[in-house]
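J.: Chains as they are written, first to last, in my numbering: chain A, 4 to 616; chain B, 79 to 663. Sending over a structure as structure tokens; questions will come in a sec.
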Amino acid sequence: MPYRTNVLVCAGTGCVSGNSFGVAQTLENEIRKLGLDQEVQVIRTGCQGFCAEGPIVIVQPDGIFYCGVQQKDAVYIAQEHLLKGRPVRKLLYSPPAEKKPIPALKDIPFFAKQRLVVLRNRGAIDPERIDDYIAVDGYAALVKALTEMTPEQILGEIKKSGLRGRGGGGFPTGIKWETCRKAAVSRAVDPVVVCNADEGDPGAFMDRSIIESDPHSVVEGMIIGARAIGAKEGFVYIRHEYPIARERLKKALDQAREYGLLGENIFGTMMNFDIEIVQGAGAFVCGESTALMASLEGKVGEPRAKYIHTVEYGYKNRPTNLNNVETWANVPLIINRGAEWFTSMGSGDVSENPWGGSSGTKVFSLVGKVKNTGLIEVPMGIPLREIVFDIGGGIPEGRSFKAVQTGGPSGGCLPESALDMPVDFDSLTEAGSMMGSGGMIVMDDQTCMVDVARYFIAFLTEESCGKCVPCREGLRSSLDALNRITQGTGKPDDIGLLREIGEVMQDCCLCALGTSAANPVLSTIQYFKDEYEAHINKGVCPAGVCTALIEYQIDPEKCDGCHACVHGCSTNAIIGNVKQVHFIDKEKCIKCGACVEACKRNGILKVPRSHAA
Amino acid sequence: MKTIKLKINGIETEAEDRTPILAIAEKLGIRIPTLCHHPILEPYGVCRICTVEVRVGRRIRMVTACNYPATNGIEVLTDSERVRRDRRMILEWFMSRCGHVPVIEKLAAEYGITEPRFGRGDEECILCGLCVRVCSDVVGAHALGFFNRGTTRVVSTAYDETSPKCISCGACAYVCPTGCIKIEDDEMLIRKELPLGPLTPVHIPFMQAIPHKPVIDRESCIHFKTGDCKICEKVCEVKAIDHTQTDHVDEFDVGAVILATGFKDFDPSCMPEYGYGKYKNVLTGIEFERMNSASGPTGGRILMAGGGEPKSVAIVHCVGSRDERHHKYCSRVCCMYALKFAHLIKEKTGAEVYNFYIDMRCFGKGYEEFYHRLLEEEVRFVRGRAASVSDFPLNHTEVGKLVVRVEDTLIGQVRRIPVDMVVLATGLEPQADAKDLARTLHISCGDGFFAERHPKLAPVSTATEGIFIAGVCQGPKDIPDTVAQASAAASQAQTLICMGEIEIEAATAFVNDEICSGCRICNTLCSLSAIRYDEEKKISVINDVLCKGCGTCAAACPSAAITARHFTDQQIFSEIEGVLYDVRT
């Protein structure tokens, strides 16, 4: 029996950690109490993307968007909105600068500029029910691919679409599939298809959200791919840290098997194919294709030289086609709606050559110093500025934009001058960064670029497998130099040294982790050399981040001796009697900044380190 | 295979498609430095020192020469400025970790690095992984591996403990370019194996072996266990190794045969009273000899099973010899080799040495003098056959020792002497198959040792013409005697060969065709197999060359068809008549 109203409660990881399951439970209880359980249905959906405002509840068909919903608010929503039909005003979303709330989802700027393709079903269906997916044309592409198209036609369609790998490299998917198929046919070996869900970039969660909100789209894409390539076996390599995604994917596979979409003789077409979930242990390097395959085989996840490609000799020396979650999720739509529809989105011209441009959309996780953090999907080629300022809502607290870091830890930092650049594979690479898997970290003027580079290099040093010398030792020596600079002991030739280390690493490292590991350093040197010079030559951190180069001082004009800072200080570094001006003992101060937070009069200042000290 | 054309440093060359650049460069005599590469292992490509510049059209790539497969039309630069810069930086990184490793220092000097910019580290291991790969890919022992990740990566055994998987083959130390893997002589490990120690699978059987060539021991060769390895095949430049070889029988036509089949060492396992096989520190003479050998498992050191040198050693004489239960004869050599052992033990360890003897048989030149020298060295001699060896203590001085029980016939008392080690002076016995061999060659064989034709007049000849004997197969003797006898046998054989033709016995038997009934009684009787049965004529025929005219067949022939020439009945009767002539008259 159809329901009058559907209440969609976001059950993505972000909202779940904000207790969205509790909200959903309360809503259900309340609806039952009010006797509306025949009219109103609560659905737990995948991630809505607007994670900054979670937990999120949407009431359909009105399209009313509630944000920051707590368990106690759920009672209001049930009583006011569901029973009496009056939207709860205080839970509606209001843009930071405006007072007037925006009740409807479609009017919120965060959503308005997005183009949902891969994420089309996010927040619209229950990811744990295959019927929901089928109801929105799910598996229609599979029927078409299996019953109406030959593998060659599928390959042709994918090639024509210009789809490029969403995992970061941007290799044309159609060409990859075709090479894999040819290798399998010429060697008469069964090929394998693998889905890379080992998303390890700090601040990136696109793949997790796709699997959490629409696991069947990935499954469908993989079956179509297997048909095109001729594979009987498929794997999803997913990291151990994604329990919800793994659980939903497992359910999706079980349901697909039950419906005869996986297993033997799919749709009576004599096609046999099944997918197995393999858990990674969370090593960042296992996202690299050869390391991933070593890990799949049960070996230590270390990369090997890729002069012989994995599409020819991959998993257990079989031709192996590895694609990212998002790439697989794009496949059903291309088959369903055609390559022309796909190429109508994006930049460049891919009709002749897939390397000629970037078609389709890309999912980004927009995080950092931006008002609306969350998951977004935009057409390729959209200017960076639109992402940061229109969708992201700009920089909070009235600060100014400094840089945006794209492509994960191996990506680069782009300055304000690059904001009007279109976001696609080739433009980003040209600017010294990369698409990566789609992490986007926005930084404001209070971010020290040397410290950012140091953070990413420290992360990569931790995550380097240590197999090849340039990566292992290059990262260590870069980190040493960056530590020196951020501690004010940098040498004038350190910038040149860092640049040389970076160039040699780009030349000589064994895998992509190493060759791209220098990007954070090289791109920050390229665009923010003045900051490096300030650190080295003047001993000053312009953003006031590097603790060794700053110190805290109490402004005697503002200090009224309230003693709040003394209570906030964990090392007893602040001296002073009540109602008298306080002082900071520089010997004891660990520069944690707790006093700044504690002071109600903004009387504690962060100043450059005095050289006398 | 497709042939491709490429350019290395401007030199045009041809190669098989997808050959690694390193191999092509080596053929041209162009040196590319390597650290993690070894010809017997698959390329690993981690040291990156073999980085070269490859130009494909207008595209420039930096690749590792060890594993980059060459394709048609590429241009390789092995020493361009960019290559040198990259290698310099890599070497500086190596030095930041291993600043004092000679192989790195040498390469760094070649690239003009005097003071590395990242300092010098004290590590010895460069993490090239050769040891790990040789252990798993070639040896198949999987005892070594990489542990930790990134900057904390190390090579080790599981849990950093002595690995039970390690077979002590030493392959890891052999391939290590920095020498940071060392093989330690573990006394426990050495003696835990056979007392004689393990032999390497490829070895020359013994120092004097002819031909002086190595053999592969199927029992211990990794290839015959796992099907892998074949490392010897890879390193042998002349391709002399063939794992598919099997034993085969060759036939030779010869004019003379010298038998020098030697002896078998007496196995004292059948004498439970001495505890051989039960106590690890009870050794036979040959085992102790092997331990004393500088090329032996302990490098010539005298060690007990539990490690450490013995404080006292007993030498039991006449084990298996002069014994009603085993061999009645004296083995002749044991007294003297036992004295040699006693001397070596004194010299190497200074331990107390006891000899338990029946009689000291120090015959011949210099032997008695040696015995007297040992008396002066204070080696103990106890006259009396040792009764038993046990580890059962009767007082505190015997705890943890082997106790030799003996009746000292000079003082007429039973004594118990505690020692750390017992050496059994085992005797010599004939080879187990000596009798079969004797039958094949038609020579006689008394108690297992081959019999000479005459003890004084023909000491190296046998009953069969052209077959000579030398050494212990004829009877127990020491090395000088064996060498003398062997020389004699050789010259006898030589005499035969030099003559070119041989005189055969005139007095042979012959069969009268008319009378022979073909009963074949003679065939089996002839000890020289000189009679064969002619299937066509249905009679027996005697081979004149083989027949020695012994007359056995003639006497046995029921139809008197065989006559021994010069010893016919008629002649014998005439002789008798001649002898009795005077008597009659």
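Every residue, glycine too, gets a C-beta built ideally from N, C-alpha and C.
Three-state secondary structure (DSSP) at histidine 585(A)?
T.: Taking the first residue of the first sequence as 1, we reach residue 585(A) at position 582. DSSP places histidine 585(A) in coil when its eight states are reduced to three.
J.: Could you tell me if aspartate 210(A) is buried or exposed, where buried requires 16 or more neighbouring beta carbons within 10 angstroms of its beta carbon?
T.: The residue given as residue 210(A) occupies position 207 in the first sequence. Buried.
J.: Do you know whose CA, among Asp437(B), Arg458(B), Glu402(B), Gly386(B), lies nearest histidine 421(B)'s CA?
T.: Numbered from its first residue, the second sequence carries residue 421(B) at position 343. The option with the nearest alpha carbon to histidine 421(B) is Arg458(B).
J.: Indicate the three-state DSSP secondary structure (helix, strand or coil) for arginine 167(A) in the structure shown.
T.: On the first sequence, residue 167(A) is found 164 positions in, with the first residue counted as 1. Three-state DSSP puts arginine 167(A) in a strand.
J.: Looking only at C-alpha atoms, which of Tyr240(A), Ala308(A), Pro523(A), His219(A) sits nearest to arginine 251(A)?
T.: On the first sequence, residue 251(A) is found 248 positions in, with the first residue counted as 1. The candidate whose alpha carbon is nearest that of arginine 251(A) is His219(A).
J.: Within the same chain, show all residues whose beta-carbon is closer than 8 Å to that of glycine 168(A), passing over the 5 residues directly before and after it, in chain order.
T.: Numbered from 1 along the first sequence, position 165 holds the residue referred to as residue 168(A). Once the five neighbours on either side are set aside, the close Cβ partners of glycine 168(A) are Phe174, Pro175, Thr176, Lys179, Asn326, Asn327, Thr330.
J.: Have a look at Ala383(B), Val335(B), Val561(B) and flag the residue whose alpha-carbon is nearest the alpha-carbon of phenylalanine 366(B).
T.: Walking along the second sequence from the start, residue 366(B) turns up at place 288. Checked all of Ala383(B), Val335(B), Val561(B); the closest Cα to phenylalanine 366(B) is Ala383(B).
J.: Measuring alpha carbon to alpha carbon, tell me which of His326(B), Lys308(B), Asp325(B) ends up nearest alanine 318(B).
T.: Reading the second sequence from its first residue, position 240 is the one you call residue 318(B). Ranking the options by Cα distance to alanine 318(B), first place goes to Lys308(B).
J.: Which value, in whole angstroms, describes the spacing of the CA atoms of aspartate 345(B) and cysteine 176(B)?
T.: Working through the second sequence from its first residue, we reach residue 345(B) at position 267. Working through the second sequence from its first residue, we reach residue 176(B) at position 98. Spanning the two alpha carbons is a distance of roughly 55 Å.
J.: Assuming alanine 638(B) is part of the alpha helix (DSSP H), what are its boundary residues?
T.: Residue 638(B) sits at position 560 when you count from the first residue of the second sequence. From DSSP, alanine 638(B) is part of no alpha helix (DSSP H); its letter is neither H nor E.
J.: Rounded to the nearest angstrom, what separates lysine 609(A) and alanine 576(A) at their Cα positions?
T.: Residue mapping note: residue 609(A) aligns to position 606 of the first sequence, counting from 1. Residue mapping note: residue 576(A) aligns to position 573 of the first sequence, counting from 1. Near 15 Å, if we compare the C-alpha coordinates of alanine 576(A) and lysine 609(A).
J.: Please determine, among Thr464(A), Ser519(A), Cys511(A), Ala456(A), the residue with the shortest C-alpha to C-alpha distance to isoleucine 498(A).
T.: Taking the first sequence and counting its residues from 1, one reaches residue 498(A) at position 495. The option with the nearest alpha carbon to isoleucine 498(A) is Ala456(A).
J.: Counting only runs that start and end within the segment 458-510 of chain A, where is the alpha helix (DSSP H) found for 4 or more residues in a row?
T.: Runs of the alpha helix (DSSP H) inside the segment 458-510 of chain A: 472-489.
J.: Cβ closer than 7 Å: which chain B residues qualify as neighbours of glycine 477(A)?
T.: Here the question's residue 477(A) lines up with position 474 in the first sequence. Simply Trp171.
J.: For glycine 411(A), tell me which candidate among Ser519(A), Leu387(A), Cys468(A), Thr489(A) has the shortest Cα-Cα distance.
T.: Taking the first residue of the first sequence as position 1, residue 411(A) is located at position 408. Of the candidates Ser519(A), Leu387(A), Cys468(A), Thr489(A), the one whose C-alpha sits nearest the C-alpha of glycine 411(A) is Ser519(A).
J.: Report the three-state DSSP secondary structure of arginine 388(A) (helix, strand or coil).
T.: Mapped onto the first sequence, residue 388(A) falls at position 385. Arginine 388(A) falls in the helix class under three-state DSSP.
J.: Count the other CB atoms, across all protein chains shown, that sit within 10 Å of the CB of leucine 205(B); report buried if there are 16 or more and exposed otherwise.
T.: Residue mapping note: residue 205(B) aligns to position 127 of the second sequence, counting from 1. So leucine 205(B) counts as buried.
J.: Our contact map puts asparagine 375(A) next to phenylalanine 53(A) with C-beta atoms below 8 Å; I'd like the distance itself, whole angstroms only.
T.: One-based indexing of the first sequence puts residue 375(A) at position 372. One-based indexing of the first sequence puts residue 53(A) at position 50. Sure, about 7 Å apart at Cβ, within 8 Å.
J.: Looking only at its chain, what residues have a beta carbon closer than 7 Å to the beta carbon of threonine 475(B), apart from the 5 residues adjacent to it on each side?
T.: Along the second sequence, one-based indexing puts residue 475(B) at 397. Same-chain partners within the cutoff: Pro496.
J.: Given a threshold of 16 other Cβ atoms within 10 Å of its Cβ, counted over all protein chains shown, does phenylalanine 238(A) qualify as buried or as exposed?
T.: Here residue 238(A) refers to the residue found at position 235 when the first sequence is read from its first residue. That one is buried.
J.: With 16 as the cutoff for other CB atoms within 10 Å, does proline 289(B) come out buried or exposed?
T.: Translated into the one-based positions of the second sequence, residue 289(B) becomes position 211. By the 10 Å Cβ count, proline 289(B) comes out exposed.
J.: Using 10 angstroms around the beta-carbon of glycine 656(B), count the other beta-carbons present and answer buried if the total reaches 16, otherwise exposed.
T.: Here the question's residue 656(B) lines up with position 578 in the second sequence. Flag for glycine 656(B) reads exposed.
J.: Below 8 Å, can you find three or more Cβ-Cβ pairs linking the segment 503-518 of chain A to the segment 283-298 of chain A?
T.: Taking 8 Å as the limit for Cβ pairs, the verdict is that the segment 283-298 of chain A does touch the segment 503-518 of chain A.
J.: Within the chosen definition, does the segment 88-96 of chain A reach the segment 341-358 of chain A through at least 3 CB pairs nearer than 8 Å?
T.: Contact between the segment 88-96 of chain A and the segment 341-358 of chain A is absent, because fewer than three Cβ pairs lie under 8 Å.
J.: Fully enclosed by the segment 314-394 of chain A, which beta strand (DSSP E) runs are 3 residues long or longer?
T.: Complete beta strand (DSSP E) runs here, min 3: 323-327, 349-351, 360-362, 364-371, 377-382.
J.: Looking only at its own chain, which residues have a Cβ that is under 6 Å from the Cβ of phenylalanine 341(B), when we skip the five neighbours before and after it?
T.: Reading the second sequence from its first residue, position 263 is the one you call residue 341(B). Leu506, Val550, listed in sequence order.
J.: Return the bridge partner residues of phenylalanine 341(B) from the DSSP annotation.
T.: Counting from 1 along the second sequence, the entry for residue 341(B) is found at position 263. Its beta-bridge partners are Pro508(B).
J.: Going by Cα to Cα distance, which pick from Pro473(A), Glu534(A), Gln490(A) is closest to isoleucine 504(A)?
T.: If you number the first sequence from 1, residue 504(A) lands on position 501. For the residues Pro473(A), Glu534(A), Gln490(A), the minimum Cα distance to isoleucine 504(A) belongs to Pro473(A).
J.: Along chain B, which residues have their Cβ under 9 Å away from the Cβ of cysteine 18(A)?
T.: The residue given as residue 18(A) occupies position 15 in the first sequence. Per Cβ cutoff of 9 Å: no residues; cysteine 18(A) is ~34 Å from chain B at best.
J.: What would DSSP say about glutamine 44(A), mapped onto helix, strand or coil?
T.: Your numbering for residue 44(A) matches position 41 in the first sequence. Strand at glutamine 44(A).
J.: Could you list the residues in the segment 464-496 of chain A with a C-beta less than 8 Å from some C-beta on chain B, going in chain order?
T.: Those residues of the segment 464-496 of chain A that come within reach of chain B (Cβ to Cβ, closer than 8 Å) are Thr464, Glu465, Glu466, Ser467, Cys468, Gly469, Lys470, Cys471, Val472, Pro473, Arg475, Glu476, Gly477, Leu478, Arg479, Ser480, Asp483.
J.: Where does serine 539(B) sit, in a helix, a strand or coil, going by DSSP?
T.: For the purposes of this step, residue 539(B) is taken as the residue at position 461 of the second sequence. Strand, per DSSP.
J.: What's the gap between the Cα of leucine 106(B) and the Cα of arginine 160(B)?
T.: Stepping through the second sequence from its first residue, residue 106(B) is reached at position 28. Stepping through the second sequence from its first residue, residue 160(B) is reached at position 82. Distance between the alpha carbons of leucine 106(B) and arginine 160(B) is about 22 Å.
J.: Run down chain A in chain order and give the residues with a C-beta less than 8 Å from the C-beta of glycine 228(B).
T.: Residue 228(B) sits at position 150 when you count from the first residue of the second sequence. By Cβ distance, chain A contributes Thr464, Glu465, Glu466, Ser467, Cys468, Gly469, Arg475, Leu478.
J.: Can you tell me whether DSSP reads proline 111(B) as helix, strand or coil?
T.: Translated into positions along the second sequence, residue 111(B) becomes position 33. If DSSP states are grouped into helix, strand and coil, proline 111(B) belongs with coil.
J.: Using 9 Å as the limit for Cβ to Cβ distance, is phenylalanine 341(B) near chain A?
T.: Sequence index remark: in the second sequence, residue 341(B) carries index 263 (1-based). With 9 Å as the cut-off, phenylalanine 341(B) does not count as an interface residue toward chain A.
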